[in-house]
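Undergrad: Got a structure for you, written out below as structure tokens; questions coming shortly.
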Amino acid sequence: AQAPQQYWQVSVQRTSLILLVLQNSALVMVMHHSRNSPTNHQPRYLASTAVLLVEIIKLAASLSLAIYDLLQSHPASPASDIPALLWQSIFAPDCWKLVVPAALYTLQNSLVYVAISNLDAVTFQVTYQLKILTTVLFSILLLGRSISLRQWLALVLLTLGVALVQISGQISSEDWRERLSSLIRGGAALNVPTSSAFRGFTAVVAASITSGLTCVYFEKLVKDSLASVSLWTRNVQLSFFSLFPALFIGVLWQDGAAIARDGFFAGYGPIVWVTIALQAFGGLVVAVCIAYADNVAKNFAASLSIVVSYVATALLFRTPMTGPVSFFLPFCLTRMRILLGMLTNTRSRREVRPSC
Ligand code: C5P
């Protein structure tokens, strides 16, 4: 009886990781385009409204899946009992544990909008890989996990890679090599980052810290109680508590005046709706990845998406592969190998790595 169960689990892991690679690749490009393309003299759409809509969509989807789970686990219960059962599971005594991750994820989602509005898509995607480092650091601090010297070395290399991409991002892709070697020879100084780039960089670093902290906390919470509380019930709780900061802090407090003047949907168009749909879908896929694989696998999938989106951009827009990412590409390809290895060995890996 365990074999089909394991087979199902491995299939869910693989499918969710592959979906995450595709979703991440598409989201960064679409979101960047939605923030930076002109909208016929309309004001740019407000990120706070998008963050709220994403939470509403995730809440509706998670609620439907939680109801489905309840129907499966209580086949003998009459349909009229389902609302009460649902209420009890969502507002269980430990539901308050989701308040902190809900607030942090809402903050993170807003920071991502700030970052992507102020950085180019590639610089954002590469710098956001810092979340690999923060996830490991929080796993050590909060879960007592330990990592080997080799893994530490890999993390230091990752951080150096991100720092180098940041530095080279200040230089146009054509002359970055030349300028960097001239800098090493003690020649021309690098461009001073613009305030917009600095704002974007600060936002992406802050988002990486909240990502590491929140996903480690969520993984522990979900895996500790997966036998008694379904993933979708946890996600309903998460989205429910996210609605409060998204509505009261983001929409009303931060952007209330602009919304009263221009309307909630000012600047909305098809590309904004695609961004919102992709982000909501991504949230659900991340939840499955964390619950059925883990945060390390989730972050590998996210970093792999750099390669996918870079190659897709190069093919779609026929741009030559030069600049910071061509230099970062070998690193990403190594990770692709690790990810593929991990996907084919998921079962043994899960046996070796105890869930937190
Ligand atoms: O970049 P990172 O992987 O940390 O992004 C996580 C994203 O997934 C956030 O947008 C967060 O709101 C979403 N999420 C979710 N449900 C979960 C866990 C994460 O919607 N259970």
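Plus 19 on top of the position in the sequence shown (first one is 1) and you've got UniProt numbering.
Glycine included, C-beta positions come from ideal geometry on N, C-alpha and C.
1. Less than 7 Å between C-beta atoms, sequence neighbours within five positions excluded: which residues of the same chain meet that for residue 49?
2. Skipping 5 residues on each side, what residues in its chain have a beta carbon closer than 8 Å to that of residue 108?
3. What distance in whole Å lies between the Cβ atoms of residue 71 and residue 315, which are believed to be in contact at a cut-off of 8 Å?
4. So, for residue 127: in the same chain, excluding its five sequence neighbours on each side, which residues have a beta-carbon less than 7 Å away from its beta-carbon?
5. With DSSP as the reference, label residue 62 as helix, strand or coil.
6. Using only the alpha-carbon positions, how far apart do residue 191 and residue 139 sit?
7. Run the proximity test for residue 150: is its beta-carbon closer than 7 Å to any non-hydrogen atom belonging to the ligand ZN?
8. Rounded to a whole number of angstroms, what is the C-alpha to C-alpha distance between residue 152 and residue 239?
9. According to DSSP, is residue 194 part of a helix, a strand, or is it coil?
10. Quick one: is the Cβ of residue 114 within less than 7 Å of any heavy atom of the ligand C5P?
11. Reducing DSSP to helix, strand and coil, say where residue 245 ends up.
12. So residue 149 and residue 222 are in contact, right, with Cβ under 8 Å, and what is the actual spacing, rounded?
13. Taking just the CA atoms, how far does residue 78 sit from residue 87?
14. Output the boundary residues of the alpha helix (DSSP H) element that contains residue 289.
15. Compute the distance between the beta-carbons of residue 281 and residue 62, then report whether it is under 8 Å.
16. Just the Cα atoms here: how many angstroms apart are residue 24 and residue 272?
17. Alpha carbon to alpha carbon, how far is residue 369 from residue 146?
TA: Looking at the atomic coordinates:
1. Within the same chain, Cβ atoms closer than 7 Å to the Cβ of residue 49 are found at 290, 293, 294, 297, the five residues on either side in sequence being excluded.
2. The answer, listed in chain order, is 85, 89, 248, 249, 252.
3. 31 Å between Cβ atoms; not a contact.
4. Answer for residue 127: 226, 229, 230, 233, listed in chain order.
5. Assignment of residue 62 by DSSP, reduced to helix, strand and coil, places it in the coil class.
6. In this prediction, residue 191 has a pLDDT of 46, which is less than 50 and means its spatial position is unreliable; nothing more can be read from the coordinates.
7. In the structure shown, the ligand ZN is absent; the only ligands present are the ligand C5P.
8. Cα to Cα, the separation comes out at about 18 Å.
9. Confidence in residue 194 is poor, its pLDDT being 48 and thus under 50, which makes the residue's placement too unreliable to answer from.
10. It does not: the Cβ of residue 114 is nowhere closer than 7 Å to a heavy atom of the ligand C5P.
11. For residue 245, the secondary structure class from DSSP, reduced to helix, strand or coil, is coil.
12. About 12 Å separates the two Cβ atoms, so there is no contact after all.
13. The C-alpha of residue 78 is placed about 14 Å away from the C-alpha of residue 87.
14. Its alpha helix (DSSP H) spans residues 289 to 311.
15. Yes, they are a contact pair.
16. If you take the alpha carbons of residue 24 and residue 272, they lie about 47 Å apart.
17. Residue placement at residue 369 cannot be trusted, given a pLDDT of 41 that sits under 50; what the coordinates show is reported in the next sentence. Taking the straight line joining both Cα atoms gives about 29 Å.
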